[in-house]
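Asks: Below you will find the structure I want to go over with you.
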């Protein structure tokens with residue numbers, strides 16, 4: 001904004017005009033007829049990007065734009081405070097700034113300057129004197145002139161350089177710290193991953209060892225139960241009689257004594273079995289040692305006998321065969337092999353194929369359809385086992401079965417009886433769970449009677465073991481290929497239920 005000189009000497013007028021020039025330098029709106037409104041320039045980044053050894057000559061590696069921005073900011077902040085340039089220097093600085101901001105002076109563009117606008121005329125003349133100076137050259141001249149008229153500008157640039165270097169050093173240190181922290185985090189992550197994998201491997205090995213130990217324990221326990229069951233079947237009557245004699249009026253004490261006797265009997269049996277196995281192993285080792293000694297003795301005799309000598313002939317030349325028969329172990333008789341391994345020419349039993357089993361969720365529709373046939377709905381009483389006998393059909397090759405219950409599960413299994421059925425119709429047989437214990441009541445049969453009874457029974461093979469099935473939730477179905485002529489036994493086991501009867505909806509059929 002222009003201000004006229006109203007009174008005072010040249011120095012006062014210069015001072016007044018200097019205020020106006022400073023306003024022009026701060027790029028406030030100018031109404032004195034310049035080439036347009038002068039906007040306040042945004043100084044370029046005040047922090048240079050390169051080294052600054054000599055700001056006066058511009059040889060410090062800074063770009064002209066960066067130094068110009070620093071110089072313009074310095075002039076704006078420090079003029080009239082840290083240094084006092086002359087009127088001509090300020091005119092030159094303003095003209096250089098106009099040259100940078102608007103380009104060369106154009107006399108046709110600005111309006112006429114008033115007669116008394118001395119400052120406006122001086123600025124135009126100074127601006128016009130720059131001619132077609134390039135923008136970069138104007139920036140360099142501005143920096144050089146400011147450094148010439150103020151000796152504080154070079155330290156100002158140097159301080160910025162030091163500050164920038166310090167910031168760069170801190171930035172690099174921060175980056176290095178972040179890099180080290182990132183490397184440490186990565187190392188810790190890898191270490192944790194390694195430890196996690198090792199822990200998983202250790203847990204897996206421990207789990208595998210526990211599983212194997214549990215399987216071994218179950219196998220030993222199962223083997224023990226099987227052996228004890230066989231031993232208890234042999235000694236049940238004897239132990240019961242003995243316990244009844246010891247505690248005639250106390251069933252609980254009788255039961256405890258029987259269990260104690262059974263456990264002692266099992267321990268004695270296992271000890272005897274171990275001794276027998278140990279004796280067999282020792283005999284086998286002794287036999288191997290004798291064979292090795294015999295072979296060694298024969299080798300020594302062969303090596304010590306003269307090559308041209310012939311062995312003496314005894315009993316008409318039978319000494320060789322006799323000695324060989326003495327050295328050789330006696331071969332087992334055919335009868336022994338037959339007795340140990342069974343008849344060599346006996347027919348092997350046919351191979352039984354594995355069954356196929358599946359479930360389907362349409363239980364409601366299945367039961368509605370089965371209810372239409374009253375014979376296909378059976379009631380298995382509490383504690384009972386119902387066996388459905390299904391003979392094989394001459395024209396069939398596969399048996400199919402389907403079954404379901406109302407509200408509760410039931411045990412189910414399939415067996416095959418190798419017998420010729422008298423009838424091809426399906427029959428239902430109900431047995432109590434206590435039928436199997438009838439043989440233990442009364443006098444036990446002798447060995448001959450037991451052998452006759454076992455010989456009279458047909459052979460029965462297990463196809464599907466009896467397990468409890470959740471047939472109240474889904475329809476259980478399955479199929480099996482005929483192994484031959486016989487009768488399939490479909491067992492519905494409710495012996496474990498002491499209070500509930502079960503309604504079973506079933507269907508069986510064959511296919512070719």
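In UniProt numbering, the protein residues as written are 1 to 512.
Every residue gets a Cβ at the ideal spot worked out from N, C-alpha and C, and that includes glycine.
Using 8 Å as the threshold, is the C-beta distance between residue 490 and residue 401 below it?
Replies: yes
Asks: DSSP three-state label for residue 549, please.
Replies: Past the boundaries of the shown model lies residue 549; the chain is included only from 1 to 512, so the question cannot be answered.
Asks: Near residue 353, which residues of its chain fall below 6 Å by C-beta distance, leaving aside the five closest residues on each side in sequence?
Replies: 481
Asks: Is it the case that the Cβ atoms of residue 397 and residue 512 are separated by a distance below 8 Å?
Replies: yes
Asks: For chain C, is any of its Cβ atoms less than 8 Å away from the one on residue 130?
Replies: In the structure shown, chain C does not exist; there is a single protein chain.
Asks: Which of the three DSSP states is assigned to residue 514 in this structure?
Replies: For the chain, the structure presents residues 1 to 512; residue 514 sits outside this window and is missing.
Asks: Can you round the beta-carbon distance between residue 373 and residue 471 to whole angstroms, since I take them to be within the 8 Å contact cut?
Replies: Contact between residue 373 and residue 471 does not hold, since their C-beta atoms are separated by about 18 Å, which reaches or exceeds 8 Å.
Asks: Would you call the CB atoms of residue 411 and residue 488 closer than 8 Å?
Replies: no
Asks: For residue 86, count neighbouring C-beta atoms within 10 Å of its own C-beta (all shown protein chains included) and say buried if the count is 16 or more, exposed if not.
Replies: exposed
Asks: Which residue from 232, 297 and 479 puts its Cα closest to that of residue 260?
Replies: For residue 260, the closest C-alpha among the options 232, 297 and 479 is that of 232.
Asks: Taking the alpha helix (DSSP H) that residue 71 belongs to, which residues open and close that run?
Replies: 64-78
Asks: From the DSSP output, in three-state form, read off residue 407 for me.
Replies: In the structure shown, residue 407 sits in coil (DSSP, three-state: anything other than H, G, I, E or B).
Asks: Name the DSSP bridge partner or partners of residue 476?
Replies: 359 and 403
Asks: If I'm right that residue 70 touches residue 178 with Cβ under 8 Å, what's the distance once you round it to whole angstroms?
Replies: Rounded, the Cβ-Cβ distance is 30 Å, inconsistent with contact.
Asks: Can you tell me the Cα-Cα spacing of residue 226 and residue 456, whole angstroms?
Replies: 25 Å
Asks: Would you check if the distance between the CB atom of residue 475 and the CB atom of residue 378 is smaller than 8 Å?
Replies: no
Asks: Rounded to whole angstroms, what is the Cα-Cα separation between residue 193 and residue 168?
Replies: Between residue 193 and residue 168, the C-alpha separation is close to 37 Å.
Asks: Which of helix, strand or coil does DSSP assign to residue 235?
Replies: In the three-state DSSP reduction, residue 235 falls in the helix class (H, G or I).
Asks: Could you check where the beta strand (DSSP E) with residue 373 kicks off and where it finishes?
Replies: Careful: residue 373 lies outside any beta strand (DSSP E) and carries neither H nor E.
Asks: Could you spell out the range, first to last residue, of the alpha helix (DSSP H) harbouring residue 102?
Replies: 87-102
Asks: By how many angstroms is the C-alpha of residue 494 removed from the C-alpha of residue 501?
Replies: 8 Å
Asks: Which word fits residue 213, buried or exposed, when buried means at least 16 other C-beta atoms lie within 10 angstroms of its C-beta?
Replies: exposed
Asks: Following the continuous beta strand (DSSP E) through residue 492, name the residue where it begins and the one where it ends.
Replies: 487-493
Asks: Out of 361, 104, 98 and 387, point me to the one whose CA is closest to residue 131's CA.
Replies: 104
Asks: Is it true that the CB of residue 386 sits closer than 8 Å to the CB of residue 430?
Replies: It is a contact, given that the beta carbons lie within the stated cut-off.
Asks: Could you pull the DSSP bridge partners for residue 430 from this structure?
Replies: 386, per the DSSP bridge assignment.
Asks: Which term fits residue 314, buried or exposed, when burial requires 16 or more other beta carbons within 10 angstroms of its beta carbon?
Replies: The pLDDT assigned to residue 314 is 38, lower than 50, so where the model puts this residue is not dependable; a value taken from the coordinates is nonetheless given after this. It counts as exposed.
Asks: Classify residue 514: buried if its beta carbon has 16 or more other beta carbons within 10 angstroms, exposed otherwise.
Replies: Nothing can be reported for residue 514, as the shown portion of the chain is limited to 1 through 512.
Asks: Whole angstroms are fine: how far does the CA of residue 228 sit from the CA of residue 248?
Replies: 25 Å
Asks: Give the straight-line distance between the Cα atoms of residue 73 and residue 186, rounded to the nearest whole angstrom.
Replies: 46 Å
Asks: Quick one, are the C-beta atoms of residue 96 and residue 138 less than 8 Å apart?
Replies: yes
Asks: Helix, strand or coil for residue 200 per DSSP?
Replies: helix
Asks: Within 10 angstroms of the Cβ of residue 202, are there 16 or more other Cβ atoms? Answer buried if so, exposed if not.
Replies: exposed
Asks: The beta strand (DSSP E) with residue 461 in it runs from where to where?
Replies: 460-469
Asks: Return the first residue and the last residue of the beta strand (DSSP E) that residue 508 is part of.
Replies: 502-511
Asks: Under the assumption that residue 126 contacts residue 91 (Cβ atoms under 8 Å), give the Cβ distance between them as a whole number of angstroms.
Replies: 5 Å
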